[in-house]
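**Q** Each residue of the sequence shown is one higher than the one before, counting from 5 in our numbering. Don't be surprised by glycine CBs; every beta carbon is placed ideally from N, CA and C.
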Amino acid sequence: MEQTEPETQTTPRNTTWVVAIVRGYGPLLAALALVAISAVLILRLPTRALVTAPTATPTATPTLTPTPTPRPPLPTPGAALLDDLARLPVAGADGAPLARDLEPFTLPADLSKREEVLVYTVQRGDTLWSIAERFNLKMDSLFWANREALPDVHMLRVGLQLNILPEDGVYHTADGAETIQEIAERFNVTPETIIDSVYNDLAYLAPEDAPPPGTRIVVPGGADDYADWVWRPEVIYANTASGGVGVNFAPGHPGSCGPVPEGTGSGGVFANPVSGWYQVGWQFQEWHRGIDLMTTEGIPVVAAAPGTVIFAGWNTWGYGNLIVLSHGDGWTTYYAHLSYLNVGCGQYVSTGQFIGEIGTTGRSSGPHLHFEIRQNGEPLDPANFVGF
Ligand SMILES: [Zn+2]
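Put into structure tokens, the structure is as follows:
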């Protein structure tokens, strides 16, 4: 049925053509058609020849073929942004790591099948994604093997040395007190997984033994958590003399405002905090409790909702110059790594009001705004509130 349709469509055209020839224009039209066909043929043949010629040339002259051997990465447009953190690719649309199966044959044999922990020095152009893919590891394993060197995603820098596990899991340092049983339970594996692993020299120990302090232990298939990666400042609410609610956010921290009036009125509605061009960097996920909006230093940062300033200044957790706004009902927003603060403690701000400028202070290796939305201290995915 479907195959006959094209034929029924072409038939009327042919009929018209034939009719035109019969009506006396036959010789003229036939001549024109011949000229047209030969013109097409003449034009086409040399074109094909031109296309095929260059592909043949490089094989004849090997000196012209690009060398696939390692070489320093070429400078690319926007090199400042492409550097270190700022060029880190974004996660998948659902916020999960981009799950792409690595083709084993693309890796040298010694990298794809490792029997010990390697130390890899971060190169220019590397990203956490590319390193994880290169060694066929999950992003989590990269973090769980580098708690000290890589306290969070903002810390990737050229020259940083990373432990590369032979397979996914956790790299743990024994404290001399914890038994293998306890370590196994903490990372959700069996004691035998640790004792029998070819990556460890612990076969002489029983589950109830504690490995000597400082022993580095590979926990294949182990899973840690990121609970201690989230800054959970102390927040004290109190009634003010005027009858309102006051909040003392992160008391004792350099940028803390001390007791100031709590904000009101966001209703869980938030606007885009960057007023200008930006690119989305790290999105909200297990190891990153906010969204990174990468742009150039000095771009204005604006309040995402009406509220009061409860933190304005230096943060020792890694946020650098930080502004935190209170919006009432337990809602807060964080604006980190700022180069300039345009508001002060206790100040009321409205949505879209200029509060600071993009910077790269604190744990940051490129100009960007690290933006968080929290409710009752719990970070939520900003992309659920703002269309980035
Ligand atoms: Zn961030």
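#1: Looking only at DSSP bridge pairs, what is I240 linked to?
#2: According to DSSP, D394 sits in a beta bridge with which residue or residues?
#3: Do F253 and F315 count as a contact pair if the criterion is CB distance below 8 Å?
#4: For ligand 1, which residues count as neighbours when the test is a C-beta closer than 6 Å to any heavy atom?
#5: Under the DSSP definition of a beta bridge, which residues are partnered with Q287?
#6: State the Cα-Cα distance for the pair D98 and F147, rounded to the nearest angstrom.
#7: Given a threshold of 16 other Cβ atoms within 10 Å of its Cβ, counted over all protein chains shown, does L206 qualify as buried or as exposed?
#8: Return the CA-CA distance between P383 and A308, expressed in angstroms with no decimal places.
#9: In the DSSP assignment, what residue or residues form a beta bridge with G348?
#10: For the alpha helix (DSSP H) that contains Q185, what are its first and last residues?
#11: Specify whether the stretch 340-350 and the stretch 322-331 touch according to this definition: at least 3 beta carbon pairs, one from each stretch, less than 8 Å apart.
#12: Where does N319 sit, in a helix, a strand or coil, going by DSSP?
#13: Taking C-beta to C-beta, are I295 and A214 nearer than 8 Å?
#14: Consult DSSP for R118 and reduce its assignment to one of helix, strand or coil.
#15: Just to confirm before moving on: does the CB-CB distance between V157 and L141 stay below 8 Å?
#16: Where do the N-terminal and C-terminal ends of the beta strand (DSSP E) with W335 fall, by residue?
#17: How far does the alpha helix (DSSP H) with F147 in it extend, from its first residue to its last?
#18: I need the DSSP call for I359, collapsed to helix, strand or coil.
#19: Roughly how many angstroms lie between the CA atoms of A320 and P310, to the nearest whole one?
#20: Under the three-state reduction of DSSP, which class applies to P265: helix, strand or coil?
#21: Using 8 Å as the cut-off, can you tell me whether the stretch 231-251 makes contact with the stretch 262-276, which would need three or more C-beta pairs spanning the two stretches below that distance?
#22: Which one or two residues does DSSP pair with G324 in a beta bridge?
#23: For V239, collect the residues of the same chain with a Cβ closer than 6 Å to its Cβ; drop the 5 residues on either side in sequence, then sort them by chain order.
**A** This is what the structure gives:
#1: Taking the first residue of the sequence shown as position 1, residue 240 is located at position 236. For I240, DSSP records a beta bridge to N252.
#2: Nothing about residue 394 can be read from this structure; the chain reaches only from 5 to 392.
#3: Translated into positions along the sequence shown, residue 315 becomes position 311. Translated into positions along the sequence shown, residue 253 becomes position 249. Going by C-beta atoms, F315 is nearer than 8 Å to F253.
#4: Listed by chain position, these are H158, W286, H292, G294, D296 and H374.
#5: The residue you call residue 287 lines up with position 283 of the sequence shown. Beta-bridge annotation (DSSP): Q287 is not paired with any residue.
#6: Residue numbering aside, residue 98 sits at position 94 when the sequence shown is read from its first letter. Residue numbering aside, residue 147 sits at position 143 when the sequence shown is read from its first letter. Only weak support is given to the placement of D98: the predicted model assigns it a pLDDT of 35, under 50, and the question is left unresolved by the model.
#7: Here residue 206 refers to the residue found at position 202 of the sequence shown. Answer is buried; the Cβ neighbour count reaches 16.
#8: Your numbering for residue 383 matches position 379 in the sequence shown. Your numbering for residue 308 matches position 304 in the sequence shown. P383 and A308 have their C-alpha atoms some 15 Å from each other.
#9: Counting from 1 along the sequence shown, the entry for residue 348 is found at position 344. Paired residues: none, contrary to the question.
#10: By one-based count along the sequence shown, residue 185 stands at place 181. Judged by DSSP secondary structure, Q185 falls within the alpha helix (DSSP H) whose first and last residues are I184 to R190.
#11: For the pair of segments examined, the stretch 340-350 was found to touch the stretch 322-331: the number of CB pairs separated by less than 8 Å reaches three.
#12: Stepping through the sequence shown from its first residue, residue 319 is reached at position 315. In the three-state DSSP reduction, N319 falls in the strand class (E or B).
#13: Within the sequence shown, numbered from 1, the residue matching residue 295 stands at position 291. Within the sequence shown, numbered from 1, the residue matching residue 214 stands at position 210. One thing to note: I295 has its Cβ no nearer than 8 Å to the Cβ of A214.
#14: Here the question's residue 118 lines up with position 114 in the sequence shown. In this structure, R118 counts as coil in the three-state DSSP scheme.
#15: In the sequence shown, the residue the question calls residue 157 occupies position 153. In the sequence shown, the residue the question calls residue 141 occupies position 137. The Cβ atoms of V157 and L141 lie no closer than 8 Å to each other.
#16: In the sequence shown, counting from the first residue as 1, residue 335 sits at position 331. Boundaries of the beta strand (DSSP E) around W335: W335 to L342.
#17: The sequence position of residue 147 within the sequence shown is 143, counting from 1. Unbroken alpha helix (DSSP H) run through F147: M143 to W148.
#18: Here residue 359 corresponds to residue number 355 of the sequence shown, with the count starting at 1. Looking at I359 - three-state DSSP - the assignment turns out to be strand.
#19: On the sequence shown, residue 320 is found 316 positions in, with the first residue counted as 1. On the sequence shown, residue 310 is found 306 positions in, with the first residue counted as 1. Checking the sequence shown, residue 320 turns out to be Thr, not Ala. Rounded to the nearest angstrom, the two C-alpha atoms are 26 Å apart.
#20: Here residue 265 refers to the residue found at position 261 when the sequence shown is read from its first residue. Correct three-state label for P265: strand.
#21: The stretch 231-251 makes contact with the stretch 262-276; the number of CB pairs closer than 8 Å reaches 3 or more.
#22: One-based indexing of the sequence shown puts residue 324 at position 320. According to DSSP, G324 bridges with N319.
#23: If you number the sequence shown from 1, residue 239 lands on position 235. For V239, where only same-chain residues beyond five positions count, the Cβ hits under 6 Å are F253.
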